[in-house]
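Asks: Numbering-wise (our numbering), the sequence shown opens with residue 1344 and increments by one.
Where a beta carbon is used, it is the ideal one built from N, C-alpha and C, also for glycine.
Only a predicted model underlies this, so the values are computations on that prediction, with no experimental measurement involved.
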Amino acid sequence: MDKLKKKVIEKMNKDLTDNYDAIYQSYIDAKESRDNDTKSSAGDKYETGRAMMQQEMDQAEKRLAQIKALKNELNRLPLEETSNTVIPGSFIKTTSGLFFIGVSLGKVEIGDQVVFAISTASPLGKLLHSKKVGDTILFNGQEQTIELIQ
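(1) I'd like to know whether the C-beta atoms of Tyr1363 and Lys1405 end up nearer to each other than 9 Å.
(2) Using three-state DSSP, classify Thr1479 as helix, strand or coil.
(3) Just mark Lys1348 as buried or exposed, buried being the case when its beta carbon has 16 or more other beta carbons within 10 Å.
(4) Considering only DSSP beta bridges, list what Ile1453 is partnered with.
(5) Could you name the residues of the same chain whose beta carbon sits closer than 6 Å to that of Ser1473, not counting the 5 residues immediately before and after it, in chain order?
(6) Roughly how many angstroms separate the alpha carbons of Gly1477 and Leu1471, rounded to a whole number?
(7) Taking the DSSP output, what are the residues bridged to Thr1488?
(8) What runs of the alpha helix (DSSP H), each 4 residues or longer, lie entirely inside the stretch 1350-1430?
(9) Answer with buried or exposed for Ile1371, where buried requires no fewer than 16 other C-beta atoms within 10 angstroms of its C-beta.
(10) Under the three-state reduction of DSSP, which class applies to Lys1436: helix, strand or coil?
(11) Using a Cβ-Cβ cut-off of 7 Å (strictly less than) and excluding sequence neighbours within five positions of Ser1376, which residues of its own chain qualify?
The structure is reproduced here in structure tokens:
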């Protein structure tokens, strides 16, 4: 399981980096398009095009900031810390599946294994917080028992 936890963390970091790079490239493309847009005789068309490119740039900047924040949050988690209870950075196995507690990135696939990366602020994350192996929670009408915490 320790190897799987490490692979999940590496995959999340890689996915965040890849996503950041793709969005950054779209930001650069929009900036170049905006800067290279030449004023035509149809002035309104020129202004509309520039405004649209600026909107794309603004959206990309927001998304880049969100990804940076997620990456920083992931890197600040106490990943090497061991605990008998579920804490941020815990990798847990329940009767319903595998979960990484700390950063909300959704489904992370490693080979044929599926791990759900959830935030401590999520409804399930709140239920799991401070629970121990053997504890049972009720989530969406389904009981889940914690089998392992790393």
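Replies: With the given structure in hand:
(1) No, they are not a contact pair.
(2) Strand.
(3) Buried: at least 16 other Cβ atoms inside 10 Å.
(4) BP columns for Ile1453 point to Gln1456.
(5) Excluding sequence neighbours, Ser1473 sits near Thr1428.
(6) Between Gly1477 and Leu1471, the C-alpha separation is close to 12 Å.
(7) BP columns for Thr1488 point to Thr1479.
(8) Here the runs fully enclosed are 1386-1419.
(9) Burial call: exposed.
(10) Note: Lys1436 maps to strand in three-state DSSP.
(11) So the qualifying residues of the chain are Met1396.
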